[in-house]
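Worksheet for the structure shown next.
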Amino acid sequence: MKISVELTLTPIQDDYEPIIINFIKAMRNSGLTVLENPLSTQVYGEYDRVMQILKDEVEVAFEAMDRGLLHMKLVKSDRSDYEPHF
């Protein structure tokens, strides 16, 4: 099953940028379809593969920070080709 996931990683500490950059680079290098904007990163792919990559990379990101949040939205479909019609 194909899924779309929107992610917003928010380390709660002063030196937050390297953690976010490393997380996004890991998503880019994962082989998944990845789209980015200033507020979030979207990843698209097969459910099992996406969730395994997220499990591994979220753990790495969480271990690199003192405190933080990860906001995640899951959609059951591949929305990578979405374009607004207005």
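In the UniProt record's numbering, the protein residues as written are 1 to 86. Ideal placement from N, C-alpha and C gives every residue a C-beta, glycine not left out. Keep in mind it's a predicted model, so treat the numbers as computed, not measured.
Residue closest to residue i, alpha-carbon to alpha-carbon, out of the options
{"i": "Val-43", "options": "Glu-59, Thr-8, Glu-17", "result": "Thr-8"}
{"i": "Lys-2", "options": "Gly-45, Phe-86, Thr-10", "result": "Gly-45"}
{"i": "Met-51", "options": "Pro-11, Phe-86, Thr-10, Lys-73", "result": "Lys-73"}
{"i": "Glu-57", "options": "Ser-30, His-71, Asp-15", "result": "Ser-30"}
{"i": "Val-5", "options": "Glu-63, Ala-26, Ile-12, His-71", "result": "His-71"}
{"i": "Ser-80", "options": "Arg-49, Gln-13, Leu-32", "result": "Leu-32"}
Residue i classed as buried or exposed, judged by whether at least 16 other C-beta atoms fall within 10 angstroms
{"i": "Val-34", "result": "buried"}
{"i": "Glu-59", "result": "exposed"}
{"i": "Ile-19", "result": "buried"}
{"i": "Pro-84", "result": "exposed"}
{"i": "Ile-53", "result": "buried"}
First through last residue of the beta strand (DSSP E) which encompasses residue i
{"i": "His-71", "result": "68-75"}
Alpha-carbon spacing of residue i relative to residue j, whole angstroms
{"i": "Leu-39", "j": "Met-65", "result": "19 Å"}
{"i": "Glu-17", "j": "Gly-68", "result": "12 Å"}
{"i": "Asn-22", "j": "Ala-61", "result": "8 Å"}
{"i": "Met-27", "j": "Glu-36", "result": "10 Å"}
{"i": "Lys-55", "j": "Thr-41", "result": "16 Å"}
Jot down the residue ranges of each uninterrupted alpha helix (DSSP H) in the region 2-65, minimum 4 residues, whole runs only, in chain order. Runs found: 17-28, 47-63.
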